[in-house]
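Visitor: Before I ask anything, let me first share the structure, which is written out below as structure tokens.
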Amino acid sequence: MRTARPSILIFYGSLAFMLISFLFTLLVHNSILALSTNLIIAIPVFSGIFAYLVFYFLLKGFIQYRLSLIYRSIQIKQPQNVTFAKSIDSLMEDAEKNVTEWKENSTIEISKLKEQAAFRKEFLGNLAHELKTPVFSIQGYLLTLLDGGLEDPNVNRSFLERASKSTDRITGILEDLDQITRMETENLRLEIRSFDIIELLKESFETFELIAKEKNYQLLFEKTYTSKYVQADRNKLGQVFTNLISNAISYGKENGTLVVSILDINDHFLFEFKDNGPGIEPHHLPRLFERFYRVEKSRNRNEGGSGLGLAIAKHIIESHGQTIQVKSQVGVGTTFVITIEKSKNTGPVSSRGIPLK
Ligand code: ATP
Ligand code: MG
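For the sequence shown, position 41 (counting from the first letter as 1) is numbered 40 according to the working numbering, and the numbering increases by one without interruption.
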């Protein structure tokens, strides 16, 4: 329901004042002093106008003063130059509008803060969980060594090697965390240049040649691609590809395959990394790119990653202004889709970004 405008209220108040003044003038005219008709009309009219002006400016001063206190206490900047330019009605309308806006903004801010608090809690819980496993296993190996294992040539070396593997794992987690934190605070600095992405993909495949062989896993292109030049940070994209390939092999089955296909769409390329692994249940998909998020089955395994790879990948791709998405079907496989901006150069470019003819 809309409240009455202050100027209308003042007008009614002044009318009432005018009426009282008219009655009073009549009373004076009849009992004390005979007045002319003009005066009988003029006195109430003028006192009505006078009352209107006095009420109006007094009330406006009062409202302005109180509003400035309210604006200050809720820390909204008070609209400037309101003294004479604005009517009392628009002063009130502005105040209502500003306070409603403030209330909406505060509600959004509060829910953001709540979300961040929940996220921090979960993050610390996850971090503790991820670090606990390797720390406990180092502790276990060291205690066994101290309890006599050190003198036993059958176990001493292998226990130390296993403890060392666990420290590698801790270092890996800390490096990933360091990277992701730096990305978030420093707004990831990219070294954008033009390069052949097919070459980078081939290099990434080669990195995994041995690991893939152990599982008889095949890393393939959908067809033979000639050079494709993109505009991006080569090292960072390499990191994204490495994680996608390593995920496909780690979570995929023996004799599995990962097929990379490339589509040419206007000013960018669309890369599909399609595996025939176990697939991911739909309810995991919206959270897959969150830090530390792992699908339940892999979380229970002591081996394996920390769930930071895809969070880092998403950060890198989004810093390029591009997108990364996932589609998956349990029992069929998982596909990651990435867009990357095409380069205006269609030939090789020097390390400093100068086209080489
Ligand atoms: P990190 O990459 O940090 O070493 P990670 O591989 O566990 O650890 P992500 O790369 O972020 O972390 O992947 C998150 C989770 O998503 C994985 O733990 C796995 O459960 C699931 N996942 C990722 N890629 C695939 C895939 N191709 N097939 C099935 N599950 C996958
Ligand atoms: Mg991974």
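Quick reminder that beta carbons are idealized off the backbone N, C-alpha and C, glycines included.
From this set, E213, S67 and M182, which residue's C-alpha is nearest K235's C-alpha?
Guide: Of E213, S67 and M182, the residue nearest in Cα terms is M182.
Visitor: Which residues bound the beta strand (DSSP E) around K201?
Guide: Where K201 is concerned, there is no enclosing beta strand (DSSP E), although the alpha helix (DSSP H) it sits in stretches over I196 to T206.
Visitor: If contact is defined by three or more beta carbon pairs under 8 Å, each pair taking one atom from either stretch, is the segment 132–139 in contact with the segment 259–270?
Guide: The segment 259–270, when compared against the segment 132–139, does not touch it at the 8 Å Cβ threshold.
Visitor: For L362, count neighbouring C-beta atoms within 10 Å of its own C-beta (all shown protein chains included) and say buried if the count is 16 or more, exposed if not.
Guide: The question about residue 362 has no answer here: the residues shown for the chain are numbered 0 through 356.
Visitor: The ligand ATP and S110: does the residue's C-beta get closer than 8 Å to at least one heavy atom of that ligand?
Guide: No; taking the cut-off as 8 Å, the Cβ of S110 has no heavy atom of the ligand ATP nearer than that.
Visitor: Any heavy atom of the ligand ATP closer than 8 Å to the beta-carbon of H283?
Guide: Answer for H283: yes, Cβ within range of the ligand ATP.
Visitor: When the Cα atoms are used, what is the spatial distance from R298 to E129?
Guide: A caution first: R298 carries a pLDDT of 47, below 50, which makes its placement in the model unreliable, though a value can still be read off. The straight-line gap from Cα to Cα measures roughly 9 Å.
Visitor: Specify, as a first and last residue, the run of the alpha helix (DSSP H) that S13 falls within.
Guide: First-last of the alpha helix (DSSP H) with S13: P5 to S30.
Visitor: What is the chain-ordered set of residues for which the beta carbon lies under 6 Å from any non-hydrogen atom of the ligand COA?
Guide: Among the ligands in the structure shown, the ligand COA does not appear; only the ligand ATP and the ligand MG can be found there.
Visitor: Pick from G278, S6, I323 and Y55: whose alpha carbon is nearest that of I248?
Guide: It is G278.
Visitor: Using only the heavy atoms of the ligand ATP, determine whether one of them is closer than 8 Å to the beta carbon of R161.
Guide: It does not: the Cβ of R161 is nowhere closer than 8 Å to a heavy atom of the ligand ATP.
Visitor: If you follow the beta strand (DSSP E) that G332 is in, where does it begin and where does it stop?
Guide: Where G332 is concerned, the enclosing beta strand (DSSP E) stretches over G332 to E340.
Visitor: Under the rule that 16 or more other beta-carbon atoms within 10 Å means buried, what is D274, buried or exposed?
Guide: Buried, since its Cβ has 16 or more Cβ neighbours within 10 Å.
Visitor: Who are the Cβ neighbours of S318 in its own chain at under 7 Å, not counting the five residues just before and after it?
Guide: Within the same chain, S318 has close Cβ partners L187 and L189.
Visitor: Cβ of G276 versus every heavy atom of the ligand ATP: is any distance shorter than 8 Å?
Guide: Because some heavy atom of the ligand ATP lies under 8 Å away, the Cβ of G276 counts as near it: yes.
Visitor: In its own chain, which residues sit with a C-beta less than 7 Å from the C-beta of R293, not counting the 5 before and 5 after it?
Guide: Correct list, in chain order: G306.
Visitor: Report the three-state DSSP secondary structure of V259 (helix, strand or coil).
Guide: Strand, per DSSP.
Visitor: Give the single residue among H282, I107 and N37 whose Cα lies nearest to the Cα of S327.
Guide: The option with the nearest alpha carbon to S327 is H282.
Visitor: To which residues does DSSP link E192 through a beta bridge?
Guide: The question names Glu, but residue 192 is Arg in the sequence shown. According to DSSP, which records beta bridges pairwise, R192 is partnered with A231.
Visitor: Report the residue from L243, D263, I315 and K252 whose alpha carbon sits nearest the alpha carbon of F335.
Guide: Among L243, D263, I315 and K252, the Cα nearest to that of F335 is on L243.
Visitor: Could you tell me how far apart the beta carbons of S342 and Q238 are, in whole angstroms, since I believe they sit closer than 8 Å?
Guide: About 19 Å separates the two Cβ atoms, so there is no contact after all.
Visitor: Quick one: does the C-beta of L287 sit closer than 8 Å to a heavy atom of the ligand ATP?
Guide: For the ligand ATP, at least one heavy atom lies less than 8 Å from the Cβ of L287.
Visitor: May I ask you to report which of helix, strand or coil DSSP gives R300?
Guide: Residue placement at R300 cannot be trusted, given a pLDDT of 48 that sits under 50; what the coordinates show is reported in the next sentence. Residue state, collapsed to three classes: coil.
Visitor: Considering only the alpha carbon of each residue, which of F240, N215, I196 and E213 lies closest to Y228?
Guide: Nearest of F240, N215, I196 and E213 to Y228, Cα basis: I196.
Visitor: Looking at the secondary structure, which residues open and close the alpha helix (DSSP H) in which I279 lies?
Guide: From DSSP, I279 is part of no alpha helix (DSSP H); its letter is neither H nor E.
Visitor: In this structure, how does DSSP classify H319 when only helix, strand and coil are distinguished?
Guide: Residue state, collapsed to three classes: coil.
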